[in-house]
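Numbering (my numbering), first residue to last: -1 to 282.
Beta carbons are placed, not taken as given, at the ideal position from N, Cα and C, and that holds for glycine.
What follows is a set of notes on a single structure, which appears directly below.
Here's what the structure looks like:
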């Protein structure tokens, strides 16, 4: 297999794989944050979210939009070649595809590691004093910030790289505008669709199969019967969330690849205003 064929296959795989990474991570984050104990594939829609759910869910979505906009005109590297893990972590594609869920992955990985090592580690309990309570609250708030807003570290890295080429103001502006447009279009379109078909999305009939599946949760006081309208709203928002995430990844991937294309070098001897080739000699 020639080098050109390998390059084409690699580009084809990248076109298919890159947009799916944010979709998988956002789906994982959504299920853990909103639908961890749910009996259906789609969790509660934004109309049923509490303030803490909004605080968690908006974090990666804002970070995703910000990183897409802030890295649109920032090169992959402006300080020289890197090797190993530093080279991978310094790529814009890694910032966009993984950066919004950076803190979430750390929390999940740390939790799974502690669960694996808990049989050998002693059980730690905070001291029952005022400073122990303060330490517990500080730890809890820090974990929540890292969980939903760990993308601030790759965002700072993107702005730092943009500052090296004197474009950090433009990168900050594009990041904020893209984040607000992405989140606003997602939730605005959801509510526009729901309220334009209120009879369909607010059907008060209870779904019998869902009611049977949620029986244990209802008895334990952790849930209630699900109506047809509620299930339709859940499915709609779940589908729109993944579709918006996939579309933004495709837009960023296409625009970044387009900006990386450079025109072919021109002959300096023909770089004047008239760069057309000379006419053939006359044999007459």
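Take residue 269 and list the residues in its own chain whose beta-carbon comes closer than 8 Å to its own, dropping the five residues that flank it on each side. The count along the chain shown starts at 1 and reaches residue 269 at position 271. For residue 269, the predicted model reports a pLDDT of 43, less than 50, meaning its position is unreliable; a value from the coordinates is still stated below. No residues qualify anywhere along the chain.
Distance, residue 254 Cα to residue 169 Cα: Residue 169 sits at position 171 when you count from the first residue of the chain shown. Residue 254 sits at position 256 when you count from the first residue of the chain shown. A direct Cα-Cα distance of roughly 14 Å separates residue 169 from residue 254.
Comparing C-alpha positions only, which one of 244, 62 and 201 sits nearest to residue 177? For this step, residue 177 is matched to residue 179 along the chain shown. It is 62.
How would you call residue 171, buried or exposed, if buried means at least 16 neighbouring beta carbons within 10 angstroms? The residue given as residue 171 occupies position 173 in the chain shown. With fewer than 16 other Cβ atoms within 10 Å, it is exposed.
What is the DSSP secondary structure of residue 306, counted as helix, strand or coil? Beyond the ends of the chain as shown, which are -1 and 282, falls residue 306; an answer cannot be given.
Which residues bound the alpha helix (DSSP H) around residue 92? As a first step, residue 92 is located in the chain shown; it is residue number 94 there, counting from the start. Looking at the DSSP string, the run of the alpha helix (DSSP H) that includes residue 92 is 90 to 95.
Selection from 241, 162, 59 and 245 that minimises the alpha carbon distance to residue 149: Numbered from 1 along the chain shown, position 151 holds the residue referred to as residue 149. It is 59 whose Cα lies nearest to the Cα of residue 149.
Considering only DSSP beta bridges, list what residue 204 is partnered with. Here residue 204 is taken as the residue at index 206 of the chain shown, counted from 1. Bridge partners of residue 204: 225.
How is the alpha helix (DSSP H) around residue 152 delimited, first residue to last? By 1-based counting over the chain shown, the position of residue 152 is 154. First-last of the alpha helix (DSSP H) with residue 152: 150 to 162.
Inter-residue Cα distance where the pair is residue 142 and residue 54: Position 144 of the chain shown, counted from the first residue, corresponds to residue 142. Position 56 of the chain shown, counted from the first residue, corresponds to residue 54. Distance between the alpha carbons of residue 142 and residue 54: 8 Å.
Nearest CA to the CA of residue 27: which residue from 65, 86 and 147? Working through the chain shown from its first residue, we reach residue 27 at position 29. Answer by Cα proximity: 147.
Using CA coordinates, which residue listed in 203, 175, 185 and 44 is at the minimum distance from residue 70? Counting from 1 along the chain shown, the entry for residue 70 is found at position 72. It is 175.
Return yes when the Cβ of residue 21 is within less than 7 Å of the Cβ of residue 243, no when it is not. By 1-based counting over the chain shown, the position of residue 243 is 245. By 1-based counting over the chain shown, the position of residue 21 is 23. Yes. Within cutoff.
Which word fits residue 43, buried or exposed, when buried means at least 16 other C-beta atoms lie within 10 angstroms of its C-beta? As a working note, residue 43 is residue 45 in the chain shown. Here residue 43 is buried: its Cβ has 16 or more other Cβ atoms, across all protein chains shown, within 10 Å.
So, is residue 327 buried or exposed, given that buried needs 16 or more other C-beta atoms within 10 angstroms? In the structure displayed, the chain extends from -1 to 282; residue 327 sits before or after that span and is not available.
Three-state class that DSSP yields for residue 73 in the structure shown: Start at 1 with the first residue of the chain shown, and residue 73 comes out as number 75. Of the three classes helix, strand and coil, the one that applies to residue 73 here is coil, per DSSP.
Compare the C-alpha of residue 192 against each of 52, 45, 64 and 94 and name the closest. On the chain shown, position 194 is the one that residue 192 refers to. When 52, 45, 64 and 94 are compared, the shortest CA-CA separation from residue 192 is found for 45.
From which residue to which residue does the alpha helix (DSSP H) around residue 31 run? Reading the chain shown from its first residue, position 33 is the one you call residue 31. That run of the alpha helix (DSSP H) goes 18 to 31.
Is there contact between the segment 190 to 204 and the segment 153 to 165, where contact requires at least three CB pairs shorter than 8 Å? No, the segment 190 to 204 is not in contact with the segment 153 to 165.
Does the beta-carbon distance from residue 156 to residue 68 come in below 7 Å? The sequence position of residue 156 within the chain shown is 158, counting from 1. The sequence position of residue 68 within the chain shown is 70, counting from 1. Yes, Cβ-Cβ distance for residue 156 and residue 68 is below 7 Å.
Local conformation of residue 51 per DSSP, three classes: Locating residue 51 in the chain shown gives position 53, where the first residue counts as 1. Three-state result, residue 51: helix.
Here's a check: name, in chain order, each residue in its chain whose Cβ is nearer than 6 Å to the Cβ of residue 102, leaving out the five neighbours to either side. If you number the chain shown from 1, residue 102 lands on position 104. The residues are 27 and 145.
According to DSSP, is residue 195 helix, strand or coil? Here residue 195 is taken as the residue at index 197 of the chain shown, counted from 1. Reduced to three states, the DSSP call for residue 195 is coil.
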